[in-house]
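Enquirer: If you read the sequence shown in my numbering, its first letter stands for residue 468, the second for the next number, and so on.
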Amino acid sequence: MTDTARKPLILISNDDGITAPGIAVLVRVMRRIGEVVVVAPNSPQSGMGHAITIGHPLRLDASRIFEGVEAYECSGTPADCVKLAKHQVLKDRRPDLVVSGINHGSNSAVNVLYSGTMSAAIEAAVEGLPAIGFSLCDYGHNADFSHTEEWIEFLTRQALAHGIPQGTALNINIPKKSAEPIAGARLCRQARAKWQEEFDLRHDPHNRPYYWLIGSFVNEDHGQDTDEYALANNYISIVPCQYDLTALYGLREMNASWQLSPTPTGGNAPAPITGSAEPALGESAESLG
C-alpha cells in the first residue's frame with residue numbers, strides 16, 4: 468500500500484476504562500477513519516489527572532473487547548497507557564493522531580487539570596503527537612452518546628487534514644443531547660471557573676469519621692469566548708491546551724517589581740526574563756474577556 472493510500476494510524480485511550488460506553492463509541496467512529504489501536508486502563512481512572520505509576524509494576528494485557536481491533540488493557544493511569552502504547556505497543560509505528568474519551572462528563576474550565584481523559588491527550592502532546600480529548604457533558608448513568616458521532620468524525624477529519632499545533636492537545640467538550648441539534652463548534656479559551664468545594668463529615672459503623680467531597684461548580688467568567696459560554700449555548704467547545712504552564716504575564720509582572728538579589732545589584736543585575744514574543748495560549752484571561 469502506498470503512503471497516499473495508507474490509512475491514518477489512530478491510538479485510542481481514555482480514563483473511564485476499556486469497558487466504558489464512551490470508548491466503544493470512539494472506537495466505532497475512528498474505525499471509519501483509519502487503523503485503530505486501543506490502550507486503555509483496565510479500571511476507571513477518573514480524576515487521576517496526569518499521574519504516572521512509579522514504584523509499582525505495570526500490567527499490559529491483550530483484550531478482545533473490540534472485534535477486529537488491536538486492543539490492550541493497562542493496570543496504570545491514562546498517561547501510563549499513552550507511554551506504554553508509544554514505547555512498547557507501537558514501537559516504530561508513529562500514530563497520526565491520539566484520541567482520548569469519550570469521557571462521561573464535562574472536562575471544561577478547570578476540570579481539565581483533574582481530567583485523566585485530557586491527561587492522556589496531553590501526554591501524547593508531550594511525546595510530540597497530535598492529540599484530542601473528547602468529553603460529553605452528561606454525567607447520567609445512561610448518557611446518550613448518539614449525537615456525538617457525526618461531530619467527532621468531522622472534527623477528527625479536520626485535525627488529520629489541517630493538523631494540530633505542535634505541543635498542543637485539543638480539549639473538545641460536547642453538550643448533552645437535547646431536543647435541539649448542536650448549534651455548531653467554537654474555538655474557545657478556558658473559562659475562569661472552579662469548584663466551590665466542601666467536605667461532608669460522616670461516620671462509619673464504628674463511629675470513625677471520614678469525609679466525602681461535595682461542592683458546586685462556579686463560573687466566574689462572563690466572557691463570550693469561553694468553553695463554558697459555548698456549552699451553555701449548545702455549541703461544542705474546542706480549547707487548544709498546552710503542557711507548558713509558564714504564566715508569561717506573571718513573568719512580566721514579576722520582572723517589573725521583584726528584586727532578584729538580596730544586595731544592591733548596581734550594574735550586575737541579571738537580565739530580566741521577558742518570555743516569548745508570542746503570548747501563551749490563554750495567557751492573559753483578563754485581556755480576553
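Beta carbons are placed, not taken as given, at the ideal position from N, Cα and C, and that holds for glycine.
1) Can you have a look at residue 666 and say buried or exposed, based on whether 16 or more other CB atoms are within 10 angstroms of its CB?
2) When DSSP labels each residue in this structure, what does residue 488 get in the three-state scheme?
3) Is it buried or exposed for residue 521, if we count other Cβ within 10 angstroms and need 16 for buried?
4) At what residues does the beta strand (DSSP E) containing residue 666 begin and finish?
5) Below 8 Å on the Cβ atoms is my guess for residue 503 versus residue 480; work out the distance and round it to an integer in Å.
6) Using the DSSP secondary-structure output, state which residues sit across from residue 600 in a beta bridge.
7) Tell me which same chain residues have a C-beta within less than 8 Å of the C-beta of residue 742, skipping the five on either side of it?
8) Looking at residue 622 and residue 652, is the spacing between their C-beta atoms short of 8 Å?
9) Could you compute how far the alpha carbon of residue 648 sits from the alpha carbon of residue 603?
10) Out of 695, 491, 655, 687, point me to the one whose CA is closest to residue 567's CA.
11) Along the chain, where does the beta strand (DSSP E) containing residue 537 start, and where does it finish?
12) Report buried or exposed for residue 750, applying the criterion of at least 16 other Cβ atoms within 10 angstroms of its Cβ.
13) Can you tell me where the alpha helix (DSSP H) holding residue 589 begins and where it ends?
14) Could you tell me whether the Cβ atoms of residue 563 and residue 475 are closer together than 8 Å?
15) So who's on the other strand from residue 507, going by DSSP bridges?
16) Would you give the residue range spanned by the alpha helix (DSSP H) that residue 548 belongs to?
17) Compare the C-alpha of residue 629 against each of 598, 640, 478, 569 and name the closest.
18) For residue 654 and residue 636, I'd like the C-alpha separation in whole angstroms.
19) Distance, Cα to Cα, residue 728 vs residue 722?
20) In this structure, does DSSP put residue 493 in helix, strand or coil?
21) Helix, strand or coil for residue 682 per DSSP?
22) Going by the CB atoms, is the gap between residue 705 and residue 639 shorter than 8 Å?
23) So what does DSSP say about residue 693, is it helix, strand or coil?
24) Drop a sphere of 10 angstroms on the beta-carbon of residue 528, count the other beta-carbons inside from all chains shown, and report buried for 16 or more, exposed for fewer.
25) Please classify residue 669 as buried or exposed, where buried requires at least 16 neighbouring CB atoms within 10 angstroms.
26) With burial defined as no fewer than 16 other Cβ atoms inside 10 Å of the residue's Cβ, what is the status of residue 539: buried or exposed?
27) Would you tell me roughly how many angstroms separate the C-alpha atoms of residue 469 and residue 700, rounded to the nearest one?
28) Assuming residue 652 is part of the beta strand (DSSP E), what are its boundary residues?
29) Please determine, among 573, 571, 524, 576, the residue with the shortest C-alpha to C-alpha distance to residue 551.
Expert: Taking the geometry as given:
1) Numbered from its first residue, the sequence shown carries residue 666 at position 199. Exposed is the call here.
2) The count along the sequence shown starts at 1 and reaches residue 488 at position 21. Three-state result, residue 488: helix.
3) In the sequence shown, the residue the question calls residue 521 occupies position 54. It counts as exposed.
4) Along the sequence shown, read from residue 1 onward, the residue named residue 666 stands at position 199. Element bounds for residue 666: 660-670.
5) Position 36 of the sequence shown, counting from 1, holds the residue named residue 503. Position 13 of the sequence shown, counting from 1, holds the residue named residue 480. Rounded, the Cβ-Cβ distance is 11 Å, inconsistent with contact.
6) Stepping through the sequence shown from its first residue, residue 600 is reached at position 133. Note: residue 600 sits in a beta bridge opposite 567, 638.
7) Numbered from 1 along the sequence shown, position 275 holds the residue referred to as residue 742. A caution first: residue 742 carries a pLDDT of 49, below 50, which makes its placement in the model unreliable, though a value can still be read off. These residues qualify, in order along the chain: 713, 715, 718, 719.
8) Counting from 1 along the sequence shown, the entry for residue 652 is found at position 185. Counting from 1 along the sequence shown, the entry for residue 622 is found at position 155. Contact: yes.
9) As a working note, residue 648 is residue 181 in the sequence shown. As a working note, residue 603 is residue 136 in the sequence shown. Distance between the alpha carbons of residue 648 and residue 603 is about 15 Å.
10) Counting from one through the sequence shown, the residue named residue 567 turns up at place 100. Answer by Cα proximity: 491.
11) Numbered from its first residue, the sequence shown carries residue 537 at position 70. Element bounds for residue 537: 537-541.
12) Translated into positions along the sequence shown, residue 750 becomes position 283. Note on residue 750: pLDDT 47, under 50, position unreliable in the model; no value is reported.
13) For the purposes of this step, residue 589 is taken as residue 122 along the sequence shown, with counting starting at 1. 583-593 is the span of the alpha helix (DSSP H), which, as asked, contains residue 589.
14) For the purposes of this step, residue 563 is identified with residue 96 of the sequence shown, where counting begins at 1. For the purposes of this step, residue 475 is identified with residue 8 of the sequence shown, where counting begins at 1. Contact flag set, yes.
15) Here residue 507 is taken as the residue at index 40 of the sequence shown, counted from 1. Looking at the DSSP assignment, residue 507 forms a beta bridge with 540.
16) One-based indexing of the sequence shown puts residue 548 at position 81. Note, residue 548: alpha helix (DSSP H), 545-551.
17) To locate residue 629, count along the sequence shown from 1; it is residue 162. The candidate whose alpha carbon is nearest that of residue 629 is 598.
18) Locating residue 654 in the sequence shown gives position 187, counting from the first residue. Locating residue 636 in the sequence shown gives position 169, counting from the first residue. Spanning the two alpha carbons is a distance of roughly 13 Å.
19) In the sequence shown, residue 728 corresponds to position 261, counting from 1. In the sequence shown, residue 722 corresponds to position 255, counting from 1. Cα-Cα distance, rounded: 12 Å.
20) What you label residue 493 is simply residue 26 of the sequence shown in a count that begins at 1. It is helical.
21) By one-based count along the sequence shown, residue 682 stands at place 215. In the structure shown, residue 682 sits in a strand (DSSP, three-state: E or B).
22) The sequence position of residue 639 within the sequence shown is 172, counting from 1. The sequence position of residue 705 within the sequence shown is 238, counting from 1. Yes, Cβ-Cβ distance for residue 639 and residue 705 is below 8 Å.
23) Residue 693 sits at position 226 when you count from the first residue of the sequence shown. Three-state result, residue 693: strand.
24) Numbered from 1 along the sequence shown, position 61 holds the residue referred to as residue 528. Under this definition residue 528 is an exposed residue.
25) On the sequence shown, position 202 is the one that residue 669 refers to. Residue 669 is exposed by the Cβ-count criterion.
26) For the purposes of this step, residue 539 is taken as the residue at position 72 of the sequence shown. Looking at its Cβ environment, which holds 16 or more other Cβ atoms inside 10 Å, residue 539 is buried.
27) Within the sequence shown, the letter at position 2 stands for residue 469. Within the sequence shown, the letter at position 233 stands for residue 700. Any reading at residue 469 must be qualified, since the residue scores a pLDDT of 48, below 50, and its modelled position is unreliable; the value itself is stated next. About 44 Å.
28) As a first step, residue 652 must be located in the sequence shown, where it is residue number 185. Its beta strand (DSSP E) spans residues 651-654.
29) Residue mapping note: residue 551 aligns to position 84 of the sequence shown, counting from 1. Comparing Cα positions, the closest option is 524.
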